[in-house]
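Take a look at the structure below.
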DNA sequence: TCTGGGGTCCTAGGACCC
DNA sequence: TCTGGGGTCCTAGGACCC
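Residue numbers (our numbering): 17 to 447.
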């Protein structure tokens, strides 16, 4: 066993990314409660601090906020993803000037390796302040900066930088005296840890582990036994032992999804065909960008699950390609053929999409059929319907994934199913 | 009236083989 | 027919992230 050199990371994260991007171009939006809405102006996907202070939750449907918005003058903006992507690229190019090794983790977060940079700065806090000032000046985005001995600690530091005013947007855990660190981490809920979701947080709390500090102090063996290697790694990371590497090059995608809810329900095959063609253009562009080919194209449609009085229908069909392809026309032909197999007249369709599966170079064992994104429980009704389908079309043609347990319902498709078909036409939409 | 769109990883246990 | 061990592959399900 060789000694591992101490690693250091920073996480730079944009505050309320989408709102901040829009503010960069319209300073009148500063200091006002602002939210950014999802596609079709459906849900809140970003909130300014002022909006958060008014109690606006993440993912809340906009129509439920109308009154609150009127009362407090909340400004709602449609999302503009092209703008956000452009701003994100500018931000990353600035960050590259500060560290030679960067992982672009998401559109608004990047990890920086701090190894070997100690000599360049009086402290990492000083570096953080410099990064913040520079990004504000050149990209006009407010960021927070957190440094730690692992990516998990850097994430946590960033959380602290964001939530505790006394840190002024920069927190460095790499030099914090251990007593002070213990005290600080004792004041943070265990659920804030990267990798601890709602389910795990509940189970930890039942064991009396309520704070980050308590998780840090827990017995690794017990954690391993109860939660598996992932949580054990998280604990190691919290103790300052870095286990999660910086990923400078993003791995190729194993599946590529393109889907949208329609602004209005549509009823004709023609309309859905047009949408599917657009989805495929987007998806195949991503496929080619990563130099892959795909072996099967899946197409799915569904009605409006909230229109409880309308007849409900959702279905998917997966078409294997004669040979793996990245050609838009070939893929589109397959998808449109599949669409004809599942399209039924007499329904008002609300959502459709495509999934590129069986992508070359990645041996995917499972493909998510689609994720409805719904918070709902697995009902007895759904289970009964599933049983019916599975007995009719073959054992386990369709199954519901775990997400059901966590309140999200994911249907999964087994590609070993004959003809790659999953016909769950009778599956009712659960609540 | 109006309710987002993407992704990944781990593990237990059964099937199957020698 | 029974007993025994070692190993790999696959899949169903659970969880997490932005």
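Even glycine gets a Cβ: it sits at the ideal position worked out from N, Cα and C.
Under the three-state DSSP convention, the category residue i falls into
i: residue 35; result: helix
i: residue 332; result: strand
i: residue 27; result: strand
i: residue 276; result: strand
i: residue 143; result: helix
i: residue 50; result: strand
i: residue 359; result: coil
i: residue 43; result: helix
i: residue 57; result: helix
i: residue 323; result: coil
i: residue 66; result: helix
i: residue 294; result: helix
i: residue 261; result: coil
i: residue 251; result: helix
i: residue 300; result: helix
i: residue 239; result: helix
i: residue 281; result: strand
i: residue 164; result: strand
Classification of residue i by the beta-carbon crowding that lies within 10 angstroms, buried from 16 upward
i: residue 49; result: buried
i: residue 266; result: exposed
i: residue 174; result: buried
i: residue 73; result: exposed
i: residue 368; result: buried
i: residue 449; result: Residue numbering for the chain in the displayed model covers 17 to 447; residue 449 lies beyond these limits and cannot be assessed.
i: residue 366; result: buried
i: residue 23; result: buried
i: residue 47; result: exposed
i: residue 223; result: exposed
Residues near residue i by beta carbon distance below 8 Å, same chain, minus five either side
i: residue 101; result: 123
i: residue 341; result: 309, 310 and 347
i: residue 298; result: 274
i: residue 55; result: 95, 276 and 277
i: residue 289; result: 352 and 355
i: residue 242; result: 219 and 223
Alpha helix (DSSP H) segment containing residue i, residue limits
i: residue 89; result: Here residue 89 belongs to no alpha helix (DSSP H), and DSSP marks it neither H nor E.
i: residue 228; result: 228–233
i: residue 268; result: Element bounds for residue 268: n/a, residue is neither H nor E.
i: residue 197; result: 194–202
i: residue 221; result: 214–222
Where the beta strand (DSSP E) through residue i begins and ends
i: residue 63; result: 60–63
i: residue 111; result: No beta strand (DSSP E) contains residue 111, which is instead part of the alpha helix (DSSP H) from 97–111.
i: residue 128; result: 125–129
i: residue 317; result: 310–319
i: residue 120; result: 118–122
i: residue 184; result: Premise fails: residue 184 is in no beta strand (DSSP E) and is neither H nor E.
i: residue 156; result: That residue, residue 156, is in no beta strand (DSSP E); it is neither H nor E in DSSP.
i: residue 375; result: 365–375
Own chain residues within Cβ distance below 7 Å of residue i, not counting five before or after
i: residue 36; result: 30, 157 and 158
i: residue 256; result: 165, 166 and 169
i: residue 62; result: 32, 33, 34, 35, 51 and 52
Chain-order list of residues whose beta-carbon lies under 6 Å from that of residue i (same chain, five-residue window excluded)
i: residue 40; result: 156
i: residue 258; result: 23 and 166
**Asked** Can you find at least 3 beta carbon pairs, one from the segment 195–205 and one from the segment 156–169, that sit closer than 8 Å?
**Response** no
**Request:** Count the C-beta pairs between the segment 56–68 and the segment 27–35 that are closer than 8 Å, then say yes if the count reaches three, no if not.
**Result:** yes
**Prompt:** Does the pairing of the segment 268–282 with the segment 232–245 give three or more beta-carbon distances under 8 Å?
**Reply:** Contact fails: fewer than three Cβ-Cβ distances are below 8 Å.
**Prompt:** Taking three-plus beta-carbon pairs below 8 Å as touching, is the segment 347–359 in contact with the segment 312–327?
**Reply:** yes
**Message:** I want to know whether the segment 174–193 touches the segment 140–150 - three or more CB-CB distances under 8 Å.
**Reply:** Cβ pair count under 8 Å is three or more, so yes.
**Prompt:** Three or more C-beta pairs closer than 8 Å, one from the segment 299–306 and one from the segment 316–335: is that the case here?
**Reply:** no
**Prompt:** Counting pairs of beta carbons, one from the segment 102–121 and one from the segment 77–87, are three or more of them closer than 8 Å?
**Reply:** no
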